[in-house]
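Okay, so the sequence shown: first residue is 37 according to the numbering used here, each after it adds one. Beta carbons: idealized from backbone N, C-alpha and C, even for Gly. A short worksheet on the structure shown next.
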Amino acid sequence: MEGSLSLGLGFLYCFVFFDSMRVILTSFFLFVSVLLSAQTKALKETNSLLKANKISDAEKAIDAILTDSASKDLPEAWNLAGQIQRRIHETENQKAYLHKKYDTLLLYNSSLRMAKYFMKCDDLAQIPDSKGKIKNKFRKANSQYVYEERSNLINGGYYYMALEKEADRRKAIDFFDTYIESGLHPILESYYTAAKDTLIPNVAYFACLTALKVNDYELVSKYASYALNSNEYAQYAMELISTAFLQQGDSIKFLESLKEGIQKYPEDRFFFANIVDFYLKKDRIEEAMAVTNEVLSQNPNNAYNLYVKGYLFQNQEKYDEAIDTYNQAISIDSVYAEAYSGIGLVYCIKAQDYSTQASTDINSSEYQKDQETLRSFYMKAKDAYEKARQLRPDQKELWLNGLYRVYYNLNMGEEFNEIESLLN
């Protein structure tokens with residue numbers, strides 16, 4: 037009897053449990069049905085606002101739908117959001133076509149939002165249903181809209197890039213990023229693959245450049261991988277990468293990027309000048325000279341490279357070698373003002389060094405000879421500095437202090453007074 041009673045109670049408990057579950061499940065499905073109905077209603081109402089051309093109201097309504105946890109994952113919601121932006125874009129485009137006043141920024145930003153919304157819609161529509169099937173009914177139409185208006189993403193990026201505020205420049209990055217992302221997105225795969233979009237590397241370069249302006253070095257690295265494939269801007273992209281490493285204080289990667297840059301672009305001064313400067317600041321002048329000689333071995337008739345070598349000789353206190361190398365640079369480029377300035381400085385240094393051992397006894401037979409030697413140094417410095425002034429009158433740092441010193445030591449009163457007036 038006890039066994040029968042226990043079995044009977046077991047059946048009763050099971051019946052009560054399954055009956056409770058049935059009520060719970062029924063309530064759950066009823067709740068889901070109500071939610072779906074509310075979402076469908078909200079979308080229909082928003083679509084009605086769009087059809088009635090109440091764009092502002094439609095935008096507010098769709099913004100609420102897109103932020104609602106119950107509807108934010110519906111591809112239909114993101115499709116409608118894109119359609120609203122498409123209508124805004126078409127309205128401004130029509131005004132422009134009719135030569136009426138139109139809002140350029142509104143046109144650009146509608147292209148940006150439309151591309152983002154349609155890509156989000158496409159992502160959600162690609163998720164398989166409960167049967168494992170993908171039913172993306174949006175791609176065909178939406179891909180055409182994104183493709184046709186994609187160029188406005190570049191135009192919008194250029195516009196905001198030219199502005200000074202950081203927020204505007206970050207807006208430019210958003211435009212450039214969306215252009216790149218859309219080119220890599222499956223929504224446009226029927227038009228072309230990313231490899232065939234030759235503008236992506238160029239746009240990536242401008243994204244790098246803008247990211248550097250707002251000191252966002254991670255973004256520089258992000259876009260650099262694309263920018264380095266640009267036929268027009270690859271070497272400049274490498275310059276930006278090197279600069280980013282420098283600003284981040286990563287001297288190892290900075291130096292590595294400079295070495296790579298020299299190998300790829302031996303004619304580009306940026307990499308050569310910066311690697312020499314890096315070694316000089318670290319007091320590694322022999323390494324700087326080794327790089328210079330390597331660069332000169334590839335292009336021995338480059339005036340700038342010779343000028344750098346002369347400068348390194350000067351820093352090594354090999355003054356005769358420095359003067360000879362500066363003159364080699366001038367023989368290639370007769371208007372190389374920096375080389376003339378370098379010669380002037382070296383002769384002044386030679387004069388200063390010589391003066392420390394020159395006779396100070398005016399009655400000595402050596403005194404007159406030493407004074408003539410000093411005068412010879414300053415005269416050569418004078419000729420070089422005056423040539424630099426003639427070539428670059430606006431670049432006073434090349435000749436002003438040098439001529440002040442030279443005219444003073446040569447007792448050239450009138451010339452000295454003129455130079456002194458420029459110092460004040």
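Asked                                                                                                                                                   : Found
Quick check: the Cα distance between Ile422 and Glu433, rounded to an integer number of angstroms?                                                      : Correcting the residue type first, residue 422 is Glu in the shown sequence and not Ile. Between Glu422 and Glu433, the C-alpha separation is close to 13 Å.
For Thr103, which of helix, strand or coil comes out of DSSP?                                                                                           : coil
Just to confirm, is the Cβ distance from Ile321 to Tyr262 under 8 Å?                                                                                    : no
Report yes or no: do three or more beta-carbon pairs, one from the region 278-288 and one from the region 227-236, lie closer than 8 Å?                 : no
Where do the ends of the alpha helix (DSSP H) carrying His125 lie?                                                                                      : Pro111 to Tyr133
How big is the Cα-Cα spacing for Leu85 and Lys77?                                                                                                       : 12 Å
Identify which residue in Tyr269, Cys384 and Asp210 has its Cα closest to the Cα of Ala358.                                                             : Cys384
Give the DSSP-derived three-state secondary structure of Asn251 in the structure shown.                                                                 : coil
Assuming Phe290 and Gly297 form a contact by the criterion Cβ under 8 Å, report the distance between their Cβ atoms to the nearest whole angstrom.      : Phe290 to Gly297, Cβ: 11 Å. No contact.
Check each candidate in Ala117, Ile91 and Val312 and name the one with the smallest Cα separation from Leu101.                                          : Per the sequence shown, residue 101 should be read as Ile rather than Leu. The candidate whose alpha carbon is nearest that of Ile101 is Ala117.
Considering only the beta carbon of each residue, do Leu189 and Ala240 sit closer than 8 Å?                                                             : no
Run through DSSP, which three-state label would Met448 get?                                                                                             : coil
Which of helix, strand or coil does DSSP assign to Tyr272?                                                                                              : helix
So what's Ser63 in DSSP terms, helix, strand or just coil?                                                                                              : Low confidence applies here, because Ser63 scores a pLDDT of 44, under 50, leaving its location unreliable; read the following figure in that light. In this structure, Ser63 counts as helix in the three-state DSSP scheme.
Three or more beta-carbon pairs under 8 Å between the region 126-144 and the region 98-114, yes or no?                                                  : no
Could you say if the region 360-372 and the region 335-347 meet the contact criterion of at least three C-beta pairs nearer than 8 Å?                   : yes
Should Gly285 go down as buried or exposed, given a rule of 16 or more other Cβ atoms within 10 Å for buried?                                           : exposed
At a cut of 8 Å, does the region 438-458 reach the region 409-421 through at least three beta carbon pairs?                                             : yes
In whole angstroms, give me the CA-to-CA distance for Tyr315 and Val327.                                                                                : 10 Å
Candidates Gln75, Tyr414, His221 and Glu451: which alpha carbon is nearest Asp158's?                                                                    : His221
Would you list, in sequence order, the uninterrupted alpha helix (DSSP H) runs of no fewer than 4 residues that lie entirely inside the region 157-222? : 175-185, 187-197 and 202-220
Ends of the alpha helix (DSSP H) at Lys467?                                                                                                             : The requested residue 467 does not occur in the structure, where the chain is confined to residues 37 to 460.
Please state whether the Cβ-Cβ distance between Pro302 and Asn267 is less than 8 Å.                                                                     : no
What residue range does the alpha helix (DSSP H) around Val371 cover?                                                                                   : First-last for Val371: undefined, no H or E at that position.
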